[in-house]
Structures are given as C-alpha cells and as structure tokens.
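Residues in the sequence shown are numbered from 199 upward in steps of one, following the numbering used here. Glycine residues also receive a C-beta, built at the ideal position from the N, C-alpha and C atoms.
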Amino acid sequence: MRFLTSDEIHGKLKEAISQAQKSVLVASAWIKGGLFDEILDILKEKRSEGFRFEVILRASEFSDLQITDEEVIKNIRCAGGRIYICKRLHAKFLLVDGRSAVVGSSNFTNSGLSEMASGNIEAAVYYESPEEEVRRLEQYFRQIIKEDHSEELKEDLIGFVINPARIQEFEIALLEQDVYSEDYVELGSNEGRVLARILDIQSYDMGFFANPFKGSNFDIFAPIQDFKTVFSDKNDKDWRKAASFAYKNGNGKTVRIARAKALCVIREKALESLRAPIEVGSAVYKASDTALERLLKSNISGERMRCPVKVGKLLNKSVEVFVDADQALTKHTIIVGSTGSGKSYFTKLFLSRVAERQVFVFDPHGEYYEELAKRLGVGAVRELCFEDVFLPNDQKSIVSLIKEAGYPNLASGNSNNAKENDSILSKYVSEIRQAVLGDAISEVRQLEDVLRGLKFGEMNESNKSNIVNYIKTAYGEHYIKGQKETVENIKNAVGLKSKIVVINLKKISSAETRVYVAGLLMKKLFMACKKDGKPRLLVLEESHNFAPERGYGDASSGEDNLALVSARAIASEGRKFNLGMVVITQRPAQVSKYVISQMNTQVMFRTFNKNDLDTLATLLEYAGEEIIRLLTALDTGSAVITGVGVRMPTVFRVE
C-alpha cells in the first residue's frame, strides 16, 4: 500500500492503466475534462474483444449529468466502456486487472486529477497485489453494479415509462428513433422482468402546435393562443401559411411517445400475467432474443409448447416464431387472407412441418400435391384425383339433369310412371350413401345404367339412349359412368397410410357433386376417428365453397349440404376424437359463423373487405380492434397469429 498526493494521483492512474492487460474498472461520481481523456486515449489503444472496461457514474439528479457531460459519455463508449448509473454513488476508485487499485477522495475531473497547485487538494492510496484488499474491492465493484444499486446504460435502452402507468398498458418516452409499432420491449418490475409489445407511437414537436381540441395545454407545446392566432380567419391566408412555416422551422426536437401492452412476467418455470402497474420511471429496453425465444415457445398457459412448429420469424428480427400444434390443431385453426397475401404458401409450409397426425387436404383447385411432395418427398404424400363425375346428393338433382336432356315429365309429376322413376332415383341416391357410409360391402351402379333402367311407359324406348347420349355429349362420357370409381375412392381414402392425403377435386365441374364428395369424405373421416381415435387433421381449402354461411354458388347452406353438416360436427366435436380442423378462406364472412366460432387459433394475412374484417373482429373478441387495424396494412407474406396456439398475438413473416 502506498499513499498518493494530489500531485501523484493522475500520473499513477495513467501508469497503472498503461500496464493493464485484462480489465479496468472505474467508480467516480463525476467524470469530466481533458485529464481523464488522457486515460481514455490509453484505453482506446487497448480496446479488444477480451478486454473489459467498466465505469460507474452517479446520476441522482439532473445536475450530475451537467458535470459528467455528453462528451465524456461518448468518449467512454469509444474506448469500449460499459457504463453503469448509480443514484447513490460517492466512492472513487480504479482497479486494473484485479491486481492493483487507486482509492481516494478525488472524482475523475480536471479539478480532482490536477496537481495540488491548480486543483482540489486530494488524497489517495495505491494498492498492489497480492493484497487481499484489492480482491475485496473488485467484489465491492460487482456488488455496486447489481440491479438493486445500479442500472447499466445499455445500447438497447430505448426510453422510460411515464405517467400514468397501468397494469396492462403504459406509455414510454422514447430516446431512440429505431423503435416501431409491433416491436417488443422488456423492463424490470417488482414482480420480475416484464415483456411488452409496442402498440403504436405518437410523435410530438415541442415547438409546434399541441392539439387544441383535447383541452390540455402542456408547457412543452406551443401555446394554444398562438394556434388561434395563426389559424384565425381574421389574418391573411398567405400570412397564416408563412406563420405556420415559421413555427415549423423554429421548432425544437420531436418527442415520440409509445403505447405498450404488458405481455407477461418471465418466471423460471412459466410466464405469468403482470398483477401490478409498472413503476413510473422504469427503464425500457429492446427485448433480448433470449427473452423473445422464451416467449415465442410458450403456450397460452405460459408453459413450454408441447409441439412447437416453426411458422416464420418476427418482423424485422431473426427470432423464430412458433405455434403449438398440440393446441392449434386439436382446437382447430382458421387461416384467412385476400388473394396473393401468402396464406396458401403458409398453409403448405405449415402442413409440411406438422408431425404426429395424418393430414387430409380438401383441394378444390389441385394446388397442393406438387408443393407438398417437393417438401416431404413423393412417398409421404398421396393424391386422390377425382374425375369429372356426377354424384347425386338427392334424386332432385338427377331429375334436373333429365329435364335438361328434354324429358321434363319422366321423373317429375303425378303420373304413375313419374312416381315409379322418382322411386328408382331415390333408391339409387340411398345406394350411394349406404355404399360409402354403411358397414356392409355394396357395389354402386353407374348412373348410366340407372338412367337406362327408368320406366318410359308409352314413350319410345329409344329415348333412353337420347338421354344418355345428350349427357355424354354435354358433360363427357365419364360424367355418368364414373360413380363406382368415385365411391371406391371415397371409401378407400381414409384407409391410406400416407402422412398427407390430398383430395384433388379440381376436375369435378358440378359444384353440387364437389360439395357432396367432400361431405361424404368428411363424414367418413369423422366416423373413422370416432372408431379408432387416431390423430388426424382435416384441411378445408376455400372453405366458403363447402361450409357457407349463406348459399354460395351452387353450395347450399341448409341441411342438404353434407359438407356443411359434417364441418359443423367436426368443428364442435372433432377434438373429442382426435380430429383437428384447419379452415382456409379468403372470405371469412361467407363461411359458416358456427364453424368459424370453433376455430381457436387464427392466422390472418392481409384482408381488406369490411364484412370479412367485421367477422374477424367478432371472432377475436377483446383483442380484435388492435389486430384488425394491422390486417389492412400487412405486406405479402406477413401475418398475425393469435389464439390458443400462441402465448399472445404475434406479427410474423412466413419462412
């Protein structure tokens, strides 16, 4: 140990720092002036990845930062220093490599480091290893920079909480410009580290006009009387324009106020809800990747996701976003978005990553097989292509076809002949449904054979051929000769072992048949799940075609629509039997409200239509307003995901 006078302190500090190899630790209430800059110049030369330079400053009141000015802060940063703020700091010392230390009365300012003749009269002590006191002093430095005594002036500090602070929402006075809506932040509280999301940001100019219609006039804004003067009709309009420019050009700096919503408190085992308001004045930081990863892999209960499936990354960040497939698929999911917004691409990507359950995709346009086979391999995906066939849902549809062929009274009316033919057609319709859904093995006749078996009474028997030939000419030969094959495909679909089965309905020209085939398949799928309980997933692309709220095209919204009836049943009871459901649509307003109400995870791409937005707002309940505002502004490939599959509403880009 060696005593140092005012004349020796500065020189000893420079000597000790010149010999530093690992670290320099500084504690001083105030730092200022050219003499300390000499020390910083030495430290700048030592700056390297492994070298540690840390500084504790006092900031108990604003006047402290008028002594330790911004040039000092910038120079410490240039030297690679980490800065800690302590509101009760009075100690002054410097440690080098944990081996030597200078401890004294002087702050590291010009007056504190100058010689005795020109500065303060100071005294200090120099300690050198192996004295135990040096190690104790380093431990004391570590104790001071703990959160309950100090807070680090981090690069990712973006602002401070201002009045008033509520439990769920609070406002932040921003110090950084690169903070945007939907960014994530974190801050300390009495309950632990809190994660929050920026909802929106308002910008104020302290030299321009406040909003005079809100009834409050803060001193930082231009007086309302000035507003009245400039915008008064009594003044010349060109003078008013010039006066406005004068205010704009003479204004001060802008201040940005962000509104944030608390998402959770990070606990060791789970994420919990915040129970008390954030303390006003709390420092707010950009959320760390570690905290965001923890958040984005937690389910709605705050626990780790059981089956996390990657769906993309947060906007403007590299942090991956996940959905809990265990929750999203058993409790059903809806995917919505206008044409070209990215929903179909997302669906294919998502399905290729889903494990643990067999997937059945109802594809009305033949868009799924190629992409899924490319991602998963041909062996993992099986496509069932349904030919253009007429599969009647009831005898009325066959009667309509016969009328179209030019025989309006053959199976319609009160004649005995018409009644008998109507009975034949009714029996055939039942035969089809029984062949698909019944337990007994039965073979379905081709519609051509049924038509040739109709009773023509006094009519010429050649008329049978006329009907058949007309239909073949108008719709193709397979139209009335493919019923047997179609029924076999429906019966066999559920038994296929492929990971993904694509039901390609593109070739079916009759909307009624397309809906009926889908209805039979959905019914068959539901029956299989009730029987064996194996995990399966039904994906209904363009669901407004199959389960409409009102009649859509030729698809009925009544009980005669087996697809709609089956979709309702699966939506309400499917989860009991391990059958999940994904509904995809660009027009949610046209999908059965009952079906949509059962979709407990929502993936929403860009949407414009007011009716569709209103439907989604109802579905999203309390979270609706802020999310609905986002949907019209999303870029292609970006979406909002919310519901039971995620911890909280999340905006992400698909990857």
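(message) What would DSSP say about residue 415, mapped onto helix, strand or coil?
(response) Caution is warranted here: a pLDDT of 48 is assigned to residue 415, below 50, making its placement in the model unreliable, and the coordinate value is therefore given only provisionally. The answer is coil: DSSP assigns residue 415 none of H, G, I, E or B.
(message) Could you tell me the alpha carbon to alpha carbon distance between residue 496 and residue 635, rounded to whole angstroms?
(response) 41 Å
(message) Quick check: what's the CA-CA separation for residue 665 versus residue 628?
(response) 22 Å
(request) Drop a sphere of 10 angstroms on the beta-carbon of residue 275, count the other beta-carbons inside from all chains shown, and report buried for 16 or more, exposed for fewer. (result) exposed
(message) Would residue 786 and residue 463 be called neighbours here (beta carbons separated by less than 9 Å)?
(response) no
(message) Only counting the same chain, and skipping five residues up and downstream in sequence, which positions put a Cβ closer than 8 Å to that of residue 513?
(response) 380, 836, 849, 850, 851
(message) Short of 6 Å in beta carbon distance, which residues of its chain neighbour residue 402, apart from the five on each side in sequence? Order them along the chain.
(response) 453
(message) For residue 769 and residue 691, I'd like the C-alpha separation in whole angstroms.
(response) 21 Å
(message) What ranges does the alpha helix (DSSP H) occupy inside the segment 563-627, keeping only unbroken runs of at least 4 residues that lie completely in it?
(response) 567-574, 593-602
(request) Kindly indicate which three-state DSSP category residue 387 falls into: helix, strand or coil? (result) strand
(message) Measuring straight from C-alpha to C-alpha, what distance separates residue 546 and residue 782?
(response) 11 Å
(message) Tell me which residues share the same chain as residue 653 and place their Cβ nearer than 7 Å to its Cβ, disregarding the 5 neighbours each side in the sequence.
(response) 615, 618, 619
(message) One question on the structure: do residue 736 and residue 797 come within less than 9 Å of each other, judged by their Cβ atoms?
(response) no
(message) Given this structure, state the Cα-to-Cα distance separating residue 480 from residue 498, to the nearest angstrom.
(response) 27 Å
(request) Please work out which residues of its chain come closer than 8 Å, Cβ to Cβ, to residue 574, disregarding the five sequence neighbours upstream and downstream, and give them in chain order. (result) 550, 697, 698
(message) Rounded to whole angstroms, what is the Cα-Cα separation between residue 687 and residue 715?
(response) 10 Å
(message) Just to confirm the assignment, what range does the beta strand (DSSP E) spanning residue 702 have?
(response) 698-702
(message) If I follow the unbroken beta strand (DSSP E) through residue 282, where does it start and stop?
(response) 280-284
(message) Shorter than 8 Å, the distance from the beta carbon of residue 697 to the closest heavy atom of the ligand COA, or not?
(response) Although the ligand COA was asked about, the structure shown includes no ligands whatsoever.
(request) Please say whether residue 507 and residue 487 have beta carbons closer to each other than 9 Å? (result) no
(message) For residue 209, count the other beta carbons within 10 Å of its own beta carbon; 16 or more makes it buried, fewer makes it exposed. Which is it?
(response) exposed
(request) Classify residue 309 as helix, strand or coil using the three-state DSSP reduction. (result) helix
(request) Would you kindly report the start and end of the unbroken beta strand (DSSP E) that includes residue 522? (result) 518-522
(request) Work out the CA separation of residue 458 and residue 398 for me, nearest whole Å. (result) 7 Å
(message) Quick check: the Cα distance between residue 888 and residue 400, rounded to an integer number of angstroms?
(response) There is simply no residue 888 to check, as the chain begins at 199 and stops at 853 in what is shown.
(request) Determine the burial state of residue 845: buried for a count of at least 16 other Cβ atoms within 10 Å of its Cβ, exposed for fewer. (result) buried
(request) Pick out the complete beta strand (DSSP E) segments inside the segment 480-532, 3 residues or longer, and give them in chain order. (result) 481-484, 506-512, 518-522
(request) Have a look at residue 205 and residue 220 and give me their C-alpha separation to the nearest angstrom. (result) 27 Å
(message) Considering just the uninterrupted stretch of the beta strand (DSSP E) at residue 853, what are its terminal residues?
(response) Careful: residue 853 lies outside any beta strand (DSSP E) and carries neither H nor E.
(message) Quick check: residue 596 and residue 566, are their CB atoms within less than 9 Å of each other?
(response) no
(request) Please classify residue 430: is it buried, with 16 or more other beta-carbons within 10 angstroms of its beta-carbon, or exposed? (result) exposed
(request) Note down, in chain order, each residue of its chain lying with its Cβ closer than 6 Å to the Cβ of residue 569, except the 5 sequence neighbours on either side. (result) 546
(message) Would residue 371 and residue 385 be called neighbours here (beta carbons separated by less than 9 Å)?
(response) no
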